[in-house]
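Asks:
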Amino acid sequence: MHELSIAAAVVEQITTRLPGTPVSLVRLRIGTLSGVVPSAVEFCFSLAAAGTTLEGAVLEIEQVPARCRCSACDREFQPHDQILLCECGSARVTILAGADLQIASVDTAPCRSEETAVEEHV
Amino acid sequence: MCETCGCDDQAKSRLIEWHDVHDDSHGHPHQHDHTHTVTLQTRVLAKNDDLADANRRWLAERHIVALNLMSSPGSGKTTLLERTLDELGSTLAIAVIEGDQETTLDAERIRATGARVVQVNTGAGCHLDAPMVGAGLRTLQPPSESLVFIENVGNLVCPALFDLGETAKVVVISVTEGADKPLKYPHMFRSADLVLINKVDLLPYVDFDVTACVKAALTINPDLDAIQISATEGTGMNDWYAWLRRRRS
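Chains H and L are the protein sequences, given in the same order.
Going by my numbering, the first sequence opens with residue 1, and the numbers climb by one from there.
Going by my numbering, the second sequence opens with residue 1, and the numbers climb by one from there.
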């Protein structure tokens, strides 16, 4: 199951880019042609995030649908499955969208001192 | 929970359909108090891909051709390498990076042919990645103008996703598997440059339609080359060697 590697790569990328910054939400873009199963990434994410600045972070996954252009008839189409076959019968296609496997953005967690201040105020 | 977009601080994960334009008209602030959104727009596998590019440069500087061999377990990758090393090893420098979850059994088989080999054990991992191959190359130190085979972990799913910096990808399928494998594992066959249909000496004994298999493979990847071989009997090996020579020229 390569999704554990994917989840670990997400955590590593973010902790490298934002060292020491607590993260509360991670937004991923996963294309339907990326070869990655969103539910499996979800399953692995909390495991990969444990003990890091992403521990407890919410994972938000945007699924990007596939879009292709046929090289034979130049038609753009949305494939129904992983077999990228144009209606004209040609399998020679260019993938325009859906191969994405991207960290779009993150929300950093509320500042600890601010939380403490609110609690004291209440 | 926000009724419009479904965002919920309690939820640990959400699955939302992608829209080109997000509708914020419901007036719900997405910039919650005390949080800060950082746009990253970065590839998840950026680190692997960067290291794969480094491997590619390392190989190109030395004019080394590296082939990533992938298949399901038991398709005959190691037997294919043994025969290739026996028949080409005296005229061409060939080194091998062996990938398996555990054991050095395959590396021992390769070493018995006299070839240079390094074993990578991935432990729980189901595929080789670029850092593993980079470490393998630095350990092997293959000479200039040589050929390196990277025998990936037996798996038709995960290895397709990980760029190793290889020159080309070769998928091995054996006739004891189903002829519909290319349709069932499209990512693997879409990313490949060559499919070797192995164990054709067993065709009289199994229900495997070679024509249907090749047709299925070309449906996934019209640019795929296909060669029928028997690594144990030697059938088709000259076609495989001719393909190797074309990749090196």
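Yeah, the Cβ is synthetic: ideal placement off N, Cα and C, and Gly gets one too.
What in chain L is Cβ-close to residue 92 of chain H, meaning under 7 Å?
Replies: Going along chain L in sequence order, the residues near residue 92 of chain H (Cβ under 7 Å) are 222.
Asks: Using only the alpha-carbon positions, how far apart do residue 150 of chain L and residue 110 of chain H sit?
Replies: About 47 Å.
Asks: Return yes when the Cβ of residue 64 of chain H is within less than 7 Å of the Cβ of residue 29 of chain H, no when it is not.
Replies: The answer is yes: Cβ separation under 7 Å.
Asks: Excluding sequence positions up to five away, which residues of its chain have a Cβ less than 7 Å from the Cβ of residue 34 of chain H?
Replies: Result list for residue 34 of chain H: 99, 100 and 101, in chain order.
Asks: Per the contact definition of three or more C-beta pairs closer than 8 Å, is the region 180-191 of chain L in contact with the region 73-86 of chain L?
Replies: At 8 Å Cβ cutoff, the stretches do not touch.
Asks: Name, please, each residue of chain L whose Cβ falls closer than 8 Å to the Cβ of residue 12 of chain H.
Replies: Per Cβ cutoff of 8 Å: 47.
Asks: Measuring only the C-alpha atoms, how far is residue 66 of chain H from residue 160 of chain L?
Replies: Rounded to the nearest angstrom, the two C-alpha atoms are 18 Å apart.
Asks: What number of angstroms, rounded off, separates the C-alpha of residue 6 of chain H from the C-alpha of residue 51 of chain L?
Replies: Using only the alpha carbons, I get a separation of about 16 Å.
Asks: Is it the case that the Cβ atoms of residue 172 of chain L and residue 75 of chain L are separated by a distance below 7 Å?
Replies: It is a contact, given that the beta carbons lie within the stated cut-off.
Asks: From the DSSP output, in three-state form, read off residue 25 of chain H for me.
Replies: Residue state, collapsed to three classes: strand.
Asks: Using a Cβ cut-off of 8 Å, pull out every chain L residue sitting near residue 106 of chain H, in sequence order please.
Replies: The contacting residues are 37, 38 and 40.
Asks: Using DSSP with H/G/I as helix, E/B as strand and the rest coil, what is residue 66 of chain L?
Replies: Strand, per DSSP.
Asks: Could you name the residues of chain L that residue 17 of chain H contacts, counting a contact when the two beta carbons are closer than 9 Å?
Replies: 38, 40 and 42, listed in chain order.
Asks: Here's a check: name, in chain order, each residue in its chain whose Cβ is nearer than 7 Å to the Cβ of residue 11 of chain H, leaving out the five neighbours to either side.
Replies: Excluding residues within five positions, the ones whose Cβ falls inside 7 Å are 48, 49, 52 and 54.
Asks: If you compare alpha carbons, which of L:198, L:141, L:218 and L:220 is closest to residue 240 of chain L?
Replies: Minimum Cα distance to residue 240 of chain L is reached at L:198.
Asks: So residue 47 of chain H contacts chain L; which residues on that side make the cut at Cβ distance below 8 Å?
Replies: Under the 8 Å cutoff, chain L gives no residues; its nearest Cβ is about 12 Å from residue 47 of chain H.
Asks: I need the boundaries of the beta strand (DSSP E) containing residue 95 of chain L, first residue and last residue.
Replies: Taken as a continuous stretch (DSSP letters only), the beta strand (DSSP E) holding residue 95 of chain L covers 94-100.
Asks: Starting from residue 169 of chain L, follow its DSSP beta bridges and name the residues at the other end.
Replies: For residue 169 of chain L, which the question treats as bridged, DSSP gives the partners L:68.
Asks: For residue 143 of chain L, I'd like the list of residues in its chain whose CB is within less than 6 Å of its CB, leaving aside the five on either flank, ordered along the chain.
Replies: The answer, listed in chain order, is 93.
Asks: So the candidates are H:20, H:93, H:44 and H:17; which of them puts its Cα closest to the Cα of residue 70 of chain H?
Replies: Comparing Cα-Cα distances from residue 70 of chain H to each of H:20, H:93, H:44 and H:17, the minimum goes to H:93.
Asks: Using the Cα positions of residue 91 of chain H and residue 68 of chain H, report the straight-line distance between them to the nearest angstrom.
Replies: Each residue's Cα considered, the two are about 11 Å apart.
Asks: Using the rule of at least 16 other Cβ atoms within 10 Å of the residue's Cβ for burial, across every protein chain shown, is residue 206 of chain L buried or exposed?
Replies: Residue 206 of chain L is exposed by the Cβ-count criterion.
Asks: Give me the residue from L:98, L:129, L:220 and L:112 with the minimum Cα distance to residue 158 of chain L.
Replies: For residue 158 of chain L, the nearest C-alpha among the options comes from L:129.
Asks: Does residue 73 of chain H pass the burial test, meaning 16 or more other C-beta atoms within 10 Å, or should it be called exposed?
Replies: That one is exposed.
Asks: Of all Cβ atoms in chain L, is any one closer than 7 Å to the Cβ of residue 50 of chain H?
Replies: Judged by the 7 Å Cβ criterion, residue 50 of chain H is not in contact with chain L.
Asks: Could you give the distance in angstroms between the alpha-carbon of residue 37 of chain L and the alpha-carbon of residue 24 of chain H?
Replies: Approximately 10 Å, taken between the alpha carbons.
Asks: If you measure from the beta carbon of residue 80 of chain H to each beta carbon in chain L, is any gap under 7 Å?
Replies: Cβ-Cβ to chain L under 7 Å: no for residue 80 of chain H.
Asks: Using the three-state DSSP reduction, which class does residue 86 of chain H fall into: helix, strand or coil?
Replies: Looking at residue 86 of chain H - three-state DSSP - the assignment turns out to be coil, as it is neither helix nor strand.
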